[in-house]
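Worksheet for the structure shown next.
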Amino acid sequence: MSAASVVDWPRKMENEWSGAQIGLASSVFQVKPSQIRELADVAFTMEGVLRLQFGESDMPTPGFIKEAASRAMAEGYTFYTENSGLPGLREALAEKYLELHQVRLDPASEILVTASGVQALNLSIRCLLNPGDEALLLTPNWPNAAAIVSLFAGHPREVPFLRREGRFVPDFDALESALTPRTRLLVYSSPSNPLGWVASPGDQQRLLDFCRRNGLWLLADEVYERIYYQGEAAPSILRIAGRDDAVVVVQSFSKSYCMTGWPHFHFILDDSIWF
Ligand SMILES: Cc1ncc(COP(=O)(O)O)c(C=O)c1O
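Mind the numbering: the sequence shown is residues -18 to 256 in the working numbering, read in order.
Below you can see the structure in the form of structure tokens.
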């Protein structure tokens, strides 16, 4: 682009409608700002600090992934794909589930590829909740799940873990008491960010039974499944859920394959709307 073709994005006249006057959706004001991001913005300005704010490894993306990505680009894999993602990728994901969890998935109908774990969470929560519905979240939890519920005009109800003999355990009495006629969804992350708690098969069974009994969707965020030291992968809820259970699992390459910086979508907006 030549310098002569660069123009400032012009401001509108004062009496014309601006983004600030029209305002944002009221649900946006229900979203709590993330202190993780606040801390990160400070850390990014500093040298020599250990960056522990995000759930990510300090290892770069492995060479075999970078090579495969550059080979794929050279071979022309730079276009829109099938709606649910490249069939070959979905087949490979199904094979991985079989290998890690001994669960057979149908790549054609049971796996949907998204641009990131966050996008998968957004899409699933959007598809599962109606405005005004409530979601139970085992907490402390990575704050984005509650933020996404609020953003879609749902109500997050955080249910803290209990501590028993130095371990975290879901508080089933508190879950029962948090139920209302508007509750539709239970969300947890296992392995958990930030706790490191991993749902045991017993916890998973009780959480699944709780959802079955109360007619709730169960959304298991399992993006940290490979950050696990007692085997190849933390057990997925899919190992015990039935095919017809109201269960959604969110997965991501970010954490397991050190690819947190890969998604690269953006949008542009009028800066006057920020509050
Ligand atoms: C629990 C949890 N789920 C999902 C994500 C998002 O992962 P992705 O980078 O794939 O969007 C994160 C990122 O920190 C996370 O901690």
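All C-beta atoms, glycine included, are put in the ideal place defined by N, C-alpha and C.
Using a Cβ-Cβ distance cut-off of 8 Å, the region 92 to 103 and the region 67 to 77 are in contact, since at least three pairs of beta carbons, one from each stretch, lie closer than that value. Taking a contact as a CB-CB distance under 8 Å, the pair V9 and L132 counts as one, their CB atoms being some 7 Å apart. Comparing alpha carbon positions, the residue from Q185, P41 and A134 closest to D114 is A134. Contact annotation, V130 with F142: C-beta distance approximately 19 Å; criterion of less than 8 Å not satisfied.
Residue list for ligand 1: G36, S97, G98, V99, W123, S170, N174, D202, V204, S233 and S235 (CB closer than 5 Å to any heavy atom, chain order). Here R107 carries a helix assignment [DSSP, helix/strand/coil].
For the pair E206 and G177, the Cα-to-Cα distance works out to about 11 Å. For E115, the beta-bridge partners assigned by DSSP are H136 and T164. According to DSSP, V231 shares a beta bridge with D202. R71 carries a helical assignment under DSSP once its states are collapsed to helix, strand and coil. Contact annotation: T42 and C192 have beta-carbon atoms that are not nearer than 7 Å. Counting C-beta atoms within 10 angstroms of its own C-beta, I249 has fewer than 16 neighbours from the protein chains shown and is therefore classed as exposed.
In this structure, the beta-carbon distance from A116 to L166 falls below 7 Å.
Under DSSP, R145 takes part in a beta bridge, and its partners are R148. Annotation for S173: no residue places its beta carbon closer than 6 Å to its own, counting only its chain and skipping 5 residues before and after. Nearest neighbour of L81 by Cα position, chosen from E146, G4 and E213, turns out to be E213. Residue pairing of T120 in beta bridges, as defined by DSSP: P141. L118 sits close to A127, with the two beta carbons spaced by under 7 Å. Between the alpha carbons of L31 and R163 lies a distance of about 43 Å.
For N195, the closest alpha carbon among the candidates S233, L160 and Q100 is that of L160. In the three-state scheme derived from DSSP, where H, G and I count as helix and E and B as strand, Y238 is classed as coil. Its Cα nearest to that of R107, the residue H136 stands out among H136, L86, F246 and L79. Apart from sequence neighbours up to five positions away, the residues of its chain that approach E139 with a beta-carbon distance below 6 Å are L118 and T120, ordered along the chain. For Y169, the pairing in a beta bridge is given by DSSP as A201. Around the beta carbon of A201, 16 or more other beta carbons sit within 10 angstroms, so the residue counts as buried. In this structure, the CA atom of V228 is about 39 Å from the CA atom of D252.
The beta carbons of P244 and S51 sit no closer together than 7 Å.
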